Amino acid sequence: MDLILKGQRLLQAKGVEAARLESELLLSHILSCDRHQLYSSPQKKLDSSIVDKFMALLKRRLAGEPIQYILAYREFMGLRFDLDKSVLIPRWETEILVKHIIDQAQGRPVKLLDIGTGSGAIAVSLAYYLPQSRLVAIDISQEALDRAEKNAIKHGVSHRIDFKRSDMFAALEADSYQAYFDIIVSNPPYIKSQDIEGLMPEVRDFEPRTALDGGADGLKFYRQIAENASIYLKAGGLVAMEMGHDQASDIKDIFKRTGNYSSGQILKDLAGIDRIALFHKVNKG
Ligand code: GLN
Numbered sequence: 000m001d002l003i004l005k006g007q008r009l010l011q012a013k014g015v016e017a018a019r020l021e022s023e024l025l026l027s028h029i030l031s032c033d034r035h036q037l038y039s040s041p042q043k044k045l046d047s048s049i050v051d052k053f054m055a056l057l058k059r060r061l062a063g064e065p066i067q068y069i070l071a072y073r074e075f076m077g078l079r080f081d082l083d084k085s086v087l088i089p090r091w092e093t094e095i096l097v098k099h100i101i102d103q104a105q106g107r108p109v110k111l112l113d114i115g116t117g118s119g120a121i122a123v124s125l126a127y128y129l130p131q132s133r134l135v136a137i138d139i140s141q142e143a144l145d146r147a148e149k150n151a152i153k154h155g156v157s158h159r160i161d162f163k164r165s166d167m168f169a170a171l172e173a174d175s176y177q178a179y180f181d182i183i184v185s186n187p188p189y190i191k192s193q194d195i196e197g198l199m200p201e202v203r204d205f206e207p208r209t210a211l212d213g214g215a216d217g218l219k220f221y222r223q224i225a226e227n228a229s230i231y232l233k234a235g236g237l238v239a240m241e242m243g244h245d246q247a248s249d250i251k252d253i254f255k256r257t258g259n260y261s262s263g264q265i266l267k268d269l270a271g272i273d274r275i276a277l278f279h280k281v282n283k284g
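Going by numbering that gives the first Met the number 0, 36 is the number at position 37 of the sequence shown; the sequence numbering is gapless.
If you want it as structure tokens, here you go:
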């Protein structure tokens, strides 16, 4: 189809790698059809309003906006998450974190806390794949919580997730939630503040700063988690977090210094990069 080719060429000229695929995705989004259906009547003349809509979306993509925000969804753990600019686009690496927890918790009625839930990618997929689980999902952003809750409703798990607006642990009443959770999970912001300017423009200019910025050394949220998680976890409970590629030893130090956790375990992603940090609350005599 000429229009797909036109989109492809413009995207290629901007250096977009999967130009053909993205052009097809944009057109199928407008036509509300499957990408493969685009070719079932390839010579069909598209009316001008369709062409205009396509060009408008293409323009956004050419200006650097991530395709996931334009399409307003991304697949994560085999589920479709609706997105808007108030939330980080879920990343494939985060599936390693979710899969590890599913393996650990399978068949048990676990209680989980997801810190900084964003789109709800972690909390909703855990609730979905662990049907006996109950979750509390917190975020500092009400817009993000609204988005996450919609995703929970869409996947039929909202009755098992309590969404709470909270700056980290601030709104979690210690008396209700002390030693309450089996697992605390988080994919916190972990980019150093001064590195944000150097990120890819697609990330830097479109994804929410609050979802990226981990403070001066990128470790701010790990410190807060280390300090507080042991209050809210059951003895032996697990803290499981995603992290940046060079943060493993700093995070291990931070958790070690509290004296409240096991020495920790690091999981690598498929590229062999340190990606997930795991600690257990130690059972103090
Ligand atoms: N928990 C969400 C995710 O993993 C958002 C994380 C974030 O915004 N830092 O996609």
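Backbone N, C-alpha and C fix where the C-beta goes; we use that ideal spot for every residue, glycine too. These numbers come from a predicted model, not from an experiment.
- Taken in chain order, the unbroken stretches of alpha helix (DSSP H) that lie wholly in the region 35-121 and span 4 residues or more are 47-61, 66-70, 92-104.
- A distance criterion of 7 angstroms places the beta-carbon of Gly214 beyond contact range of the ligand GLN, judged by its closest non-hydrogen atom.
- With respect to the 8 angstroms criterion, Ser118 and Val86 are classified as neighbours on the basis of their beta carbons.
- Leu30 and Pro200 have their C-alpha atoms spaced approximately 29 angstroms apart.
- Put simply, the region 63-70 does not touch the region 42-53. Fewer than three CB pairs are less than 8 angstroms apart.
- Not one heavy atom of the ligand GLN falls within 7 angstroms of the beta-carbon of Pro65.
- In this structure, the ligand GLN has a non-hydrogen atom nearer than 7 angstroms to the beta-carbon of Asn186.
- A straight-line Cα-Cα distance of about 11 angstroms links Asp113 and Ala147.
- Between the ligand GLN and Ile121, a heavy atom-to-CB distance of less than 7 angstroms is present.
- Cβ atoms of Leu9 and Glu23 stay farther apart than 8 angstroms, at about 14 angstroms.
- Counting C-beta pairs with one atom in each stretch, the region 206-213 and the region 153-166 have fewer than three that are closer than 8 angstroms, which means they do not touch.
- The bridge partners DSSP lists for Lys280 are Tyr260.
- Closest option to Leu129, judged by alpha-carbon separation, among Gln141, Asp145, Lys110: Lys110.
- In this structure, Gly197 has its beta carbon at no less than 7 angstroms from each heavy atom of the ligand GLN.
- The way I'd put it, the region 231-251 does touch the region 265-276; three or more beta-carbon pairs between them come closer than 8 angstroms.
- Note: Ser185 is bridge-paired with Ile114, Met240 in the DSSP secondary-structure output.
- Distance check between Leu26 and each of Ala12, Gly14, Ser48 places Ser48 closest, using alpha-carbon atoms only.
- From the listed residues Leu56, Leu218, Glu74, the smallest Cα separation to Pro89 is found for Glu74.
- With contacts defined by Cβ atoms closer than 8 angstroms, Asn150 and Val184 do not form a contacting pair.
- In this structure Phe80 is in contact with Ala120, their Cβ atoms being roughly 6 angstroms apart against a cut-off of 8 angstroms.
- Per DSSP, the continuous alpha helix (DSSP H) segment holding Lys149 begins and ends at 141-153.
- For Ala12, the distance from the CB to the nearest heavy atom of the ligand GLN is not below 7 angstroms.
- In chain order, Ile230, Tyr231 place their CB closer than 8 angstroms to the CB of Gln177, counting only its own chain and leaving out the 5 sequence neighbours on each side.
- For the set Glu92, Ala71, Lys267, the Cα lying nearest the Cα of Leu82 is the one of Ala71.
- About 6 angstroms separates the CB atoms of His99 and Leu266; that is less than 8 angstroms, so the two are in contact.
- Remark: the C-beta of Leu134 is outside contact range of the ligand GLN, defined as less than 7 angstroms to any heavy atom.
- Of the candidates Leu78, Arg222, Gln103, the residue whose Cα lies closest to the Cα of Pro187 is Arg222.
- For Val156, no beta strand (DSSP E) encloses it, and the DSSP letter there is neither H nor E.
- In the three-state scheme derived from DSSP, where H, G and I count as helix and E and B as strand, Lys267 is classed as strand.
- The straight-line gap separating the alpha-carbon atoms of Phe278 and Ile250 is approximately 10 angstroms.
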